[in-house]
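Encoded as structure tokens, the structure appears first; notes follow it.
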Amino acid sequence: MYILIVLGIIAGMMIPMQTAVNNRLNLFTRSVFTTSFYSFLTGAILLLIANLIIDPSKFTLTFFAAQSFSYVWVTGGALGVIFLTGNIILLPKIGAALTVIITVTGQMVIGIMIDTFGWFGVEEKPLHV
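Numbering (UniProt numbering), first residue to last: 1 to 129.
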């Protein structure tokens, strides 16, 4: 369990770091949407390479033909665009700390709702205080 906590902390540390780096990139692109595009493009390329190394069978016509596509194939990416672009807009206006506090607050609120009501097919796990 401790390794999962450490992993969560490390993953959480990446968010303000990514936002700060993207803010710097935004000084060059002068467009939050272009900055988000390059951020996602870089991530997509790195994930493609990792997937091709780890499980190349996921990139075959047979794999794609066997899938039934639904909203879940695109919704995560769309939500990520909103999150990333929002962070790029917020950081220079309110600072890294407040950006993180506000977005983490939003994550906690929606996380509680997802657990409580079982949204998106997640097993219900009501909050107990």
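No residue lacks a Cβ here, since even glycine has one placed at the ideal position from N, Cα and C.
Starting from Met108, trace the alpha helix (DSSP H) in both directions and tell me its first and last residue. Within the sequence shown, numbered from 1, the residue matching residue 108 stands at position 108. 96-117 is the extent of the alpha helix (DSSP H) around Met108.
Could you check whether Val122 and Ile88 sit closer than 7 Å to each other, using their CB atoms as the reference points? If you number the sequence shown from 1, residue 88 lands on position 88. If you number the sequence shown from 1, residue 122 lands on position 122. Not closer than 7 Å, so no.
Helix, strand or coil: how does DSSP classify Phe69 here? For the purposes of this step, residue 69 is taken as residue 69 along the sequence shown, with counting starting at 1. Three-state DSSP puts Phe69 in coil, outside helix and strand.
Secondary structure at Pro56, three-state DSSP: helix, strand or coil? Counting from one through the sequence shown, the residue named residue 56 turns up at place 56. Here Pro56 sits in helix by DSSP.
Between the CA atoms of Leu52 and Phe59 - distance to the nearest angstrom: Stepping through the sequence shown from its first residue, residue 59 is reached at position 59. Stepping through the sequence shown from its first residue, residue 52 is reached at position 52. Each residue's Cα considered, the two are about 8 Å apart.
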